[in-house]
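Letter 113 of the sequence shown, counting from 1, is numbered 114 in our numbering, and no numbers are missing.
Even for Gly, the Cβ is constructed at its ideal location relative to N, Cα and C.
One structure below.
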Amino acid sequence: MTAAYETLNRLLAGETPSAAELAGLLKAQGKLRERLYAAADQVRSDKHGAAIHLRGIIEFSNVCKNNCWYCGIRCDNPNVTRYRMSFDEIAETAANARKWGCGTVVLQSGDDPFFNAETLSKILRRIKTETGLAITLSVGVRTRKELEIFKAAGCDRYLLRFETTSNALFTAMHPDESFESRTQCLQDLRTLDYQVGSGFMIGLPGTTLEMIANDILFATRLGLDMIGCGPFLAHPDTPFAGKPLLEDRSVYYKAIALLRLLNPYAHMPATTAFDALEPEGRNLVLRCGANVFMPNITPGKYRSMYQLYPNKPCVDEDGAACAICVRGRIAGLQREVGTGPGHSIRKTADASK
Ligand code: SF4
């Protein structure tokens with residue numbers, strides 16, 4: 002038996018491999034790779050069943066004060082037409098999310114100073130009162146005080162990716178932020194009793210398999226309620242323009258499968274960027290560990306203006322078309338649409354240990 006087979010067996014027995022051992026599994030091909038995917042799918046099935054929870058994303062502002070190197074809406078990109086949705090538009094879109102069967106609405110934007118604690122808490126209160134949906138915010142690094150205000154206004158969950166654990170890479174591509182400020186924000190979210198989501202970008206320029214393995218281990222140590230990871234896709238209007246994909250595309254999927262094996266109870270979305278990687282990308286991710294789908298329900302007129310990466314799918318669709326399409330995909334996978342808010346099951350699982 003090869004070393005990688007032994008590592009997988011130990012992982013399935015509950016051991017956490019070293020970064021070097023995980024990097025060995027990220028190289029898996031053939032039968033070993035299929036075994037890895039099947040094991041991750043089995044763990045997903047055992048812990049989460051057949052349900053795929055729908056979280057409707059509203060990209061409510063593409064204004065951002067930051068300049069992250071990988072991001073198409075970075076403030077220095079002059080080719081972006083900026084927009085902010087009105088309070089009424091955001092609330093109406095959230096009401097549609099409920100109508101289309103989403104248990105959660107995800108409010109995502111650039112780091113836009115207009116949407117401060119005061120403005121965002123008004124929106125959160127209104128959505129909670131009018132829809133009763135679970136609410137996830139994804140609006141960048143915020144102070145503990147702001148996070149307290151969002152929570153009091155009805156926010157249930159928060160998504161903030163750490164993107165990479167490589168200090169050199171993080172510093173180079175985030176001129177406006179430090180890794181410490183992100184991890185501090187993640188800690189604040191935990192102590193404020195949020196359901197916390199984080200993750201990283203797979204295959205950033207200069208990344209080695211060992212670095213991806215370190216990112217997987219770091220995400221696992223964070224004890225996350227949600228883990229969202231997607232492939233790095235070079236946007237032409239960024240300093241990373243023209244940087245290639247990983248030569249072995251299966252690394253993207255193997256990273257997801259390993260995350261699932263190490264984090265059985267975390268909710269894991271099949272992120273939209275996988276469909277930009279290849280047409281059936283999200284379906285493949287749902288077969289190797291993911292249990293969440295995030296249909297884009299942003300009104301059609303704004304979609305083409307919110308392109309963090311190129312070839313983003315569904316920019317010409319509207320929310321209703323996405324909601325119908327996603328149901329077809331889920332049925333095609335012989336899975337079912339999850340009911341209810343799809344809250345974290347990690348805490349319940351921890352309590353029963
Ligand atoms: S990744 Fe987020 S914070 Fe960074 S430039 Fe893009 S929208 Fe702004």
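Query raised in the report: Is Asn292 closer than 8 Å to Arg1 when the C-beta atoms are compared?
Result: The requested residue 1 does not occur in the structure, where the chain is confined to residues 2 to 354.
**Report entry** Neighbour-count burial assignment, Gly31, 16 or more Cβ in a 10 Å radius
**Finding:** The count along the sequence shown starts at 1 and reaches residue 31 at position 30. Here Gly31 is exposed, its C-beta having fewer than 16 other C-beta atoms within 10 Å.
Report task. Could you spell out where the beta strand (DSSP E) holding Thr137 opens and where it closes? Result -> Your numbering for residue 137 matches position 136 in the sequence shown. Segment 135 to 139, the beta strand (DSSP E) holding Thr137.
Query raised in the report: Who are the Cβ neighbours of Arg65 in its own chain at under 7 Å, not counting the five residues just before and after it?
Result: Reading the sequence shown from its first residue, position 64 is the one you call residue 65. Reading off the sequence, residue 65 comes out as Cys, not Arg. Result list for Cys65: Ile74, Arg75, Cys76, Gly111, Asp112, Asp113, in chain order.
Requested in this report: Report the rounded CA-to-CA distance for Tyr307 versus Asn10, giving the unit in angstroms.
Outcome: Locating residue 307 in the sequence shown gives position 306, counting from the first residue. Locating residue 10 in the sequence shown gives position 9, counting from the first residue. Cα to Cα, the separation comes out at about 42 Å.
Query raised in the report: Are the Cβ atoms of Ile150 and Tyr266 separated by less than 8 Å?
Result: In the sequence shown, counting from the first residue as 1, residue 150 sits at position 149. In the sequence shown, counting from the first residue as 1, residue 266 sits at position 265. Contact flag unset, no.
Requested in this report: Using DSSP bridges, identify the partner residues of Met306.
Outcome: On the sequence shown, residue 306 is found 305 positions in, with the first residue counted as 1. Beta-bridge partners of Met306 (DSSP): none assigned.
Query raised in the report: Along the chain, where does the alpha helix (DSSP H) that runs through Arg328 open and close?
Result: By 1-based counting over the sequence shown, the position of residue 328 is 327. Where Arg328 is concerned, the enclosing alpha helix (DSSP H) stretches over 320 to 333.
Report task. To the nearest angstrom, report how far apart Thr299 and Glu337 are at their CA atoms. Result -> Position 298 of the sequence shown, counted from the first residue, corresponds to residue 299. Position 336 of the sequence shown, counted from the first residue, corresponds to residue 337. The straight-line gap from Cα to Cα measures roughly 23 Å.
Query raised in the report: Apart from the five residues just before and just after Asn168, which ones in its own chain have a Cβ nearer than 7 Å to its Cβ?
Result: The residue you call residue 168 lines up with position 167 of the sequence shown. A distance below 7 Å between beta-carbons, with the five flanking residues on each side excluded, links Asn168 to the following residues of its chain, in chain order: Phe180.
Query raised in the report: At what residues does the alpha helix (DSSP H) containing Val107 begin and finish?
Result: Position 106 of the sequence shown, counted from the start, is the residue given in the question as residue 107. From DSSP, Val107 is part of no alpha helix (DSSP H) but of the beta strand (DSSP E) over 105 to 110.
Query raised in the report: If you measure from the CB of Leu161, is any heavy atom of the ligand SF4 nearer than 7 Å?
Result: As a working note, residue 161 is residue 160 in the sequence shown. Not one heavy atom of the ligand SF4 falls within 7 Å of the beta-carbon of Leu161.
Query raised in the report: From what residue to what residue does the beta strand (DSSP E) around Ala52 run?
Result: Taking the first residue of the sequence shown as position 1, residue 52 is located at position 51. That run of the beta strand (DSSP E) goes 52 to 62.
Query raised in the report: When the Cα of Glu90 is compared with those of Cys230, Ser62, Asn117, which residue comes out closest?
Result: On the sequence shown, residue 90 is found 89 positions in, with the first residue counted as 1. The candidate whose alpha carbon is nearest that of Glu90 is Ser62.
Report task. Run the proximity test for Arg143: is its beta-carbon closer than 7 Å to any non-hydrogen atom belonging to the ligand PLP? Result -> As presented, the structure is devoid of the ligand PLP, carrying the ligand SF4 as its sole ligands.
Query raised in the report: Closer than 7 Å: is that where the CB of Leu205 sits relative to any heavy atom of the ligand SF4?
Result: Here residue 205 refers to the residue found at position 204 of the sequence shown. False, no ligand heavy atom lies under 7 Å from that Cβ.
Query - Proximity to Arg34 [Cα-Cα], best of Asn264, Lys152, Thr3 - result: On the sequence shown, position 33 is the one that residue 34 refers to. Nearest neighbour of Arg34 by Cα position, chosen from Asn264, Lys152, Thr3, turns out to be Thr3.
Query raised in the report: Going by beta carbon distance, what residues of the same chain come within less than 7 Å of Asn284, once the five residues before and after it are set aside?
Result: Here residue 284 refers to the residue found at position 283 of the sequence shown. Counting only Cβ-Cβ distances below 7 Å, and skipping sequence neighbours, we find Arg330, Leu334.
Query raised in the report: Which value, in whole angstroms, describes the spacing of the CA atoms of Gly243 and Thr130?
Result: For the purposes of this step, residue 243 is identified with residue 242 of the sequence shown, where counting begins at 1. For the purposes of this step, residue 130 is identified with residue 129 of the sequence shown, where counting begins at 1. Going by the C-alpha atoms only, they are around 46 Å apart.
Report task. Please say whether Tyr71 and Met174 have beta carbons closer to each other than 8 Å? Result -> Here residue 174 refers to the residue found at position 173 of the sequence shown. Here residue 71 refers to the residue found at position 70 of the sequence shown. Yes. Within cutoff.
Query raised in the report: Of the choices Leu134, Pro314, Arg99, Gly155, whose alpha-carbon is the least far from that of Leu121?
Result: The count along the sequence shown starts at 1 and reaches residue 121 at position 120. Selected option, being the one with the closest Cα: Gly155.
Report task. May I ask whether a heavy atom of the ligand SF4 can be found less than 7 Å away from the beta carbon of Cys72? Result -> Within the sequence shown, numbered from 1, the residue matching residue 72 stands at position 71. It does: the Cβ of Cys72 is within 7 Å (strictly closer) of some heavy atom of the ligand SF4.
Query raised in the report: At a cut-off of 7 Å, is Asp1 close to the ligand SF4 when judged by its beta-carbon and the heavy atoms of the ligand?
Result: Nothing in the structure corresponds to residue 1, since the chain is present only between 2 and 354.
Query raised in the report: Do Ile124 and Phe88 have their CB atoms nearer than 8 Å?
Result: Counted from its first residue, the sequence shown places residue 124 at position 123. Counted from its first residue, the sequence shown places residue 88 at position 87. Contact flag set, yes.
Query raised in the report: For the ligand SF4, any of its heavy atoms closer than 7 Å to the Cβ of Gly343?
Result: As a working mapping, residue 343 is identified with position 342 in the sequence shown. The nearest non-hydrogen atom of the ligand SF4 is 7 Å or more from the C-beta of Gly343.
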